[in-house]
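Enquirer:
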Amino acid sequence: MSREQQYKQLADDLFRRASEEANVQLKAQWEILGARYLEISRQSGGAGDQELAAGPGQSELLKDI
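Mapped onto my numbering, the consecutive letters of the sequence shown carry residue numbers 58 to 122.
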């Protein structure tokens, strides 16, 4: 999976979480965070299809959420 795809997946997960959130403030924060990941995915699109060799995986990023 490319970096761009990984960031898009994270964004999708956060938008899903936002859609399930009852608290309006938390919902907005999830949506903002998802939008940032979409922005990062667009920026990483020109970086090629190299695998993300080092760095936190999705489970590490979201484990405390």
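Ideal placement from N, C-alpha and C gives every residue a C-beta, glycine not left out. Please read all numbers here as calculations on a predicted model, not as lab measurements.
#1: Pull up the distance between the alpha-carbon of D70 and that of R99, whole angstroms please.
#2: Which residues mark the beginning and the end of the alpha helix (DSSP H) in which S76 is found?
#3: Within the same chain, show all residues whose beta-carbon is closer than 7 Å to that of A75, passing over the 5 residues directly before and after it, in chain order.
#4: Going by DSSP, what residue range makes up the alpha helix (DSSP H) through G91?
Expert: Walking through what the data contain:
#1: By 1-based counting over the sequence shown, the position of residue 70 is 13. By 1-based counting over the sequence shown, the position of residue 99 is 42. Cα to Cα, the separation comes out at about 17 Å.
#2: Here residue 76 is taken as the residue at index 19 of the sequence shown, counted from 1. Looking at the DSSP string, the run of the alpha helix (DSSP H) that includes S76 is R60 to E77.
#3: The residue labelled residue 75 in the question sits at position 18 within the sequence shown. Hits under 7 Å: K84, W87, E88 and G91.
#4: Counted from its first residue, the sequence shown places residue 91 at position 34. V81 to S101 is the extent of the alpha helix (DSSP H) around G91.
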